[in-house]
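**Q** Numbering (the working numbering), first residue to last: 2 to 132. The structure follows.
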């Protein structure tokens with residue numbers, strides 16, 4: 002059926018869809034605003050939220066946005082000490098070596114407390130604090 006016959010039957014003309022190779026390169030997406038937040042831990046048990054991994058700190062969690070990073074820091078009430086966040090019951094390195102048990106207890110309690118719905122927005126990063 003040609004387009005003349007379609008018009009004579011008062012049917013709408015069907016347009017063909019563009020193929021991917023014709024559209025490729027026409028659209029661009031700006032992803033400069035997309036970045037990840039890291040929850041960093043230093044040798045004294047101090048937790049910090051940052052966009053980059055700093056020297057002297059290890060990344061514990063990788064978050065998709067800043068709100069989730071704030072929730073991770075605030076979800077365990079015993080973490081907040083004055084203006085800094087600390088791992089609860091953390092023994093600094095010069096007392097007992099690397100304190101892996103308290104860091105892992107804190108990580109597991111954060112994952113349990115935030116639940117499945119929010120766990121899609123953050124990931125645990127392999128570091129020297131893991132077993």
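From the three backbone atoms N, C-alpha and C, an ideal C-beta is built for every residue, glycine too.
#1: Using the Cα positions of residue 33 and residue 67, report the straight-line distance between them to the nearest angstrom.
#2: Check whether the region 55-73 touches the region 114-132, taking contact to mean three or more Cβ pairs, one atom from each stretch, closer than 8 Å.
#3: Are the CB atoms of residue 74 and residue 58 within a distance shorter than 8 Å?
#4: Could you tell me whether the Cβ atoms of residue 103 and residue 126 are closer together than 8 Å?
#5: Could you have a look at residue 52 and say whether DSSP puts it in helix, strand or coil?
#6: Name the one or two DSSP bridge partners that residue 81 has.
**A** Put simply:
#1: Walking along the chain shown from the start, residue 33 turns up at place 32. Walking along the chain shown from the start, residue 67 turns up at place 66. Since pLDDT at residue 33 reaches only 46, below the 50 mark, its modelled position is unreliable, and the value read off the structure follows with that caveat. Going from the Cα of residue 33 to the Cα of residue 67 covers about 16 Å.
#2: yes
#3: One-based indexing of the chain shown puts residue 58 at position 57. One-based indexing of the chain shown puts residue 74 at position 73. No, the pair does not count as a contact, with Cβ atoms beyond the cut-off.
#4: As a working note, residue 103 is residue 102 in the chain shown. As a working note, residue 126 is residue 125 in the chain shown. Not a contact, by the Cβ cut-off of 8 Å.
#5: Mapped onto the chain shown, residue 52 falls at position 51. Coil at residue 52, not helix or strand.
#6: In the chain shown, residue 81 corresponds to position 80, counting from 1. 86.
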